[in-house]
């Protein structure tokens, strides 16, 4: 019983750390732009497919394929900002960019469906079968260990970038007050672009690591993104620390619900938590320190 | 029909009113004639689907376009209406029309509950809360197997009962023509009701909330109550659409009400022109019929939806209605230019 609980805890952290990667992108974009990028889901999916084709069609190394997916994600982020968010920014509407990216998402998913077909791809990472035994009869596959380590490293790097570099400071300045930041000699448009590139690179990378542990279809990203939405709300929109905690929390809730309650109920539990959170504490787990930026 | 799309003129002259009534008569005549023009049962089926989609689209437009609340949970209200009415008929033996009304009421109540729940939330938060609601409803339909039979679905749902009026032959809804008349006249009726609503002070109140909630409340408008009202009306229409869908298609599976369905309804509203009532009607007609015409291209239907949604938001945010206005303005300018000889 304890072994099962520990094992599910490990699985929960594996999924949770991937959710954090995906949700961080959403939260970064929201922090800077106060906008939701619905096409984030498809960046995850395309990242997963990029890694798949890199390893299987071109015989590349799986670890390098994570880097490839990162680059593909970054490129997509640039494209989504340049094509959708930048032109709509002048119009100043709160909801139009969200609606436009829903359109992009439907378009990309069904284009992928035509291209790749509905049959799930078997994305077997070479590390999926290597098992590392841990204390008390629990284990972790090498693939899952890679997921946790790469995610943790990425999150630490991102955090350091935001906190200690000049560019990271500029980014936070833009998030707090775009106009004043502009007066201080920061180019907000450049930094918004940078945010999209970083956010989507994280999503692409997340996709590459999700591919082997998820059913890889054109809709793979959507199931992740709806959870990522729940995570950013539970953690507080635009709040990086809250997102990390909420991501791990949702991963754990999921794996424990699957094990001890009923696998069919995981989404219901997660989204009921989301609605409760919205009703009781709309600012998220960690109370927002700054005033609302609307 | 496009004259209704124009923003209301400050002074409504008598002529405008008459021509509006005239357009309603034209629309009624078109509904009456369509089954005679279209005999093919496949296209008649599409006509019924189209009428159901119009009901869904104008309901969503009332919430999104008039009250300004981005609701991504319309598929859930649609599903609640469909499942509630069907289960009431099949499990409890409730007569169809009572189940129809109860389905609408339940759907409306769930819409109001969601909006009360989410009333403090603005814009994006509401969008995600309603998305979460849609996911929960779909998952409940899938997992509450003892009630909904889960993914297996419910089969052999009967069409609405025959209507026997004295002195007339019995009207049976087994025929696609009669079913079309039934659904289309309800869609038309709902359109007329919403048209009255948005032209009344209630419409202006909702628009005021959409444009600026803070100044609306400073005028003494109870924004919460009106948002709940908009959700109640919009989701009641979705419930009616669901009840018709179930009795027309005859089978219900939870996947008919996945979140993608919300997005396709959203596409109809946006492509047609949100914030006008006639826009979503054109949007529903276009996005239901055009993909059927393009059927030769395979599964392109949803690719087309996605592209239409994105391109319209980017280049023509007023949708078909705005495009028609620009076109008419160009024509008008052309006419005056040729009259005056030189002027642009």
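Chains as they are written, first to last, in my numbering: chain R, 686 to 979; chain D, 498 to 841.
Glycine included, each C-beta is placed from N, C-alpha and C at the ideal position.
Note that this is a predicted model, so its numbers are computed, not measured.
Looking at the C-beta of residue i, does it have a partner C-beta in chain R at a distance below 8 angstroms?
i: residue 741 of chain D; result: no
i: residue 802 of chain D; result: yes
i: residue 807 of chain D; result: yes
i: residue 814 of chain D; result: yes
i: residue 725 of chain D; result: no
i: residue 693 of chain D; result: no
i: residue 767 of chain D; result: yes
i: residue 818 of chain D; result: no
i: residue 750 of chain D; result: no
i: residue 822 of chain D; result: no
i: residue 728 of chain D; result: no
i: residue 680 of chain D; result: no
i: residue 640 of chain D; result: yes
Roughly how many angstroms lie between the CA atoms of residue i and residue j, to the nearest whole one?
i: residue 978 of chain R; j: residue 961 of chain R; result: In this prediction, residue 978 of chain R scores a pLDDT of 39, lower than 50, which makes its location untrustworthy; no coordinate-derived value is stated.
i: residue 645 of chain D; j: residue 584 of chain D; result: 8 angstroms
i: residue 793 of chain R; j: residue 744 of chain D; result: 34 angstroms
i: residue 602 of chain D; j: residue 733 of chain D; result: 6 angstroms
i: residue 945 of chain R; j: residue 929 of chain R; result: 24 angstroms
i: residue 899 of chain R; j: residue 622 of chain D; result: 28 angstroms
i: residue 549 of chain D; j: residue 762 of chain D; result: 11 angstroms
i: residue 805 of chain R; j: residue 905 of chain R; result: 9 angstroms
i: residue 732 of chain R; j: residue 754 of chain R; result: 5 angstroms
i: residue 735 of chain R; j: residue 840 of chain R; result: 22 angstroms
i: residue 615 of chain D; j: residue 626 of chain D; result: 7 angstroms
i: residue 654 of chain D; j: residue 719 of chain R; result: 46 angstroms
Go through its chain and collect everything with a Cβ distance to residue i's Cβ below 6 angstroms, but skip five positions before and after it.
i: residue 503 of chain D; result: Low confidence applies to residue 503 of chain D: its pLDDT is 49, below 50, so where it sits in the model is not reliable, and the reading given next is rough at best. For residue 503 of chain D, where only same-chain residues beyond five positions count, there are no Cβ hits under 6 angstroms.
i: residue 512 of chain D; result: Summary for residue 512 of chain D: the model assigns pLDDT 47, below 50, so the residue's position carries little reliability; its value from the coordinates is reported in the next sentence. Within the same chain, residue 512 of chain D has no close Cβ partners at all.
i: residue 808 of chain R; result: 737, 896, 897, 901
i: residue 523 of chain D; result: none
i: residue 829 of chain D; result: none
i: residue 836 of chain R; result: 702, 706
Using a Cβ-Cβ distance cut-off of 8 angstroms, determine whether residue i contacts chain D.
i: residue 846 of chain R; result: no
i: residue 964 of chain R; result: yes
i: residue 799 of chain R; result: yes
i: residue 718 of chain R; result: no
i: residue 950 of chain R; result: yes
i: residue 934 of chain R; result: no
i: residue 743 of chain R; result: no
i: residue 691 of chain R; result: no
i: residue 700 of chain R; result: no
i: residue 749 of chain R; result: no
i: residue 953 of chain R; result: yes
i: residue 943 of chain R; result: no
i: residue 761 of chain R; result: no
i: residue 819 of chain R; result: no
With a threshold of 7 angstroms on Cβ separation, who are the neighbours of residue i within its own chain once the five nearest residues in sequence on each side are excluded?
i: residue 669 of chain D; result: 659, 675
i: residue 939 of chain R; result: 697, 700, 951, 955
i: residue 586 of chain D; result: 593, 596
i: residue 631 of chain D; result: 569, 570, 572, 573, 756, 759
i: residue 912 of chain R; result: 704, 935, 955
i: residue 862 of chain R; result: none
i: residue 824 of chain R; result: 816, 817, 818
Can you give me the Cβ contacts of residue i inside the same chain, cut-off strictly under 8 angstroms, excluding the 5 residues immediately before and after it?
i: residue 687 of chain D; result: 552, 555, 556, 734, 737
i: residue 795 of chain R; result: 903
i: residue 638 of chain D; result: 576, 580, 645, 647, 751, 754
i: residue 788 of chain D; result: 797, 798, 801, 802
i: residue 893 of chain R; result: 732, 733, 735, 736, 750, 751, 753, 754, 755
Contact defined as beta carbons within less than 8 angstroms: I believe residue i pairs with residue j. What is the distance between those atoms, to the nearest angstrom?
i: residue 817 of chain D; j: residue 772 of chain D; result: Going by Cβ atoms, the distance from residue 817 of chain D to residue 772 of chain D rounds to 13 angstroms, so no, they are not a contact pair.
i: residue 886 of chain R; j: residue 744 of chain R; result: Contact flag wrong, Cβ pair sits at about 24 angstroms.
i: residue 784 of chain R; j: residue 806 of chain D; result: 7 angstroms
i: residue 847 of chain R; j: residue 856 of chain R; result: 7 angstroms
i: residue 801 of chain D; j: residue 790 of chain D; result: Incorrect: roughly 11 angstroms between the Cβ atoms, too far for contact.
i: residue 810 of chain R; j: residue 726 of chain R; result: So it is not a contact: roughly 22 angstroms between Cβ atoms.
i: residue 784 of chain D; j: residue 753 of chain D; result: Rounded, the Cβ-Cβ distance is 17 angstroms, inconsistent with contact.
i: residue 725 of chain D; j: residue 612 of chain D; result: 5 angstroms
i: residue 867 of chain R; j: residue 703 of chain R; result: At roughly 35 angstroms, the Cβ-Cβ gap does not stay under 8 angstroms, so residue 867 of chain R and residue 703 of chain R are not in contact.
Problem set entry | Proximal residues, the stretch 877-901 of chain R versus chain D, C-beta separation under 7 angstroms | Within the stretch 877-901 of chain R, contact with chain D at the beta-carbon level (separation under 7 angstroms) is assigned to no residue.
Exercise. What residues from the stretch 556-569 of chain D come within 7 angstroms of chain R, judged by C-beta to C-beta, listed N to C?
Worked result: 567
Exercise. Which residues, taken in chain order from the stretch 900-932 of chain R, show a beta carbon closer than 7 angstroms to some beta carbon of chain D?
Worked result: 911, 914, 915, 918
For this session: Compile a chain-ordered list of the residues in the stretch 643-673 of chain D whose CB is closer than 7 angstroms to at least one CB of chain R.
Result: none
Exercise. Quick one, which residues of the stretch 769-797 of chain R are near chain D if we go by CB-CB under 9 angstroms, in chain order?
Worked result: Hits within the stretch, in order: 769, 772, 773, 776, 778, 779, 780, 781, 782, 783, 784, 785, 786, 787, 788, 789, 790, 791, 792, 793, 794, 795, 796.
For this session: Using a Cβ-Cβ cut-off of less than 7 angstroms, list which residues of the stretch 704-737 of chain R approach chain D; keep chain order.
Result: 721
For this session: Scan the stretch 615-632 of chain D for residues whose Cβ lies nearer than 8 angstroms to a Cβ of chain R and list them as they occur along the chain.
Result: From the stretch 615-632 of chain D, only 615, 617, 618, 619, 620, 621, 622, 624, 625, 626, 628, 629, 630, 632 have a Cβ closer than 8 angstroms to chain R.
Problem set entry | Members of the stretch 520-548 of chain D that neighbour chain R once the beta carbon cut-off is set at 9 angstroms | Per Cβ criterion, the list is empty.
Exercise. When Cβ atoms are compared, which residues of the stretch 833-866 of chain R fall closer than 8 angstroms to chain D?
Worked result: none
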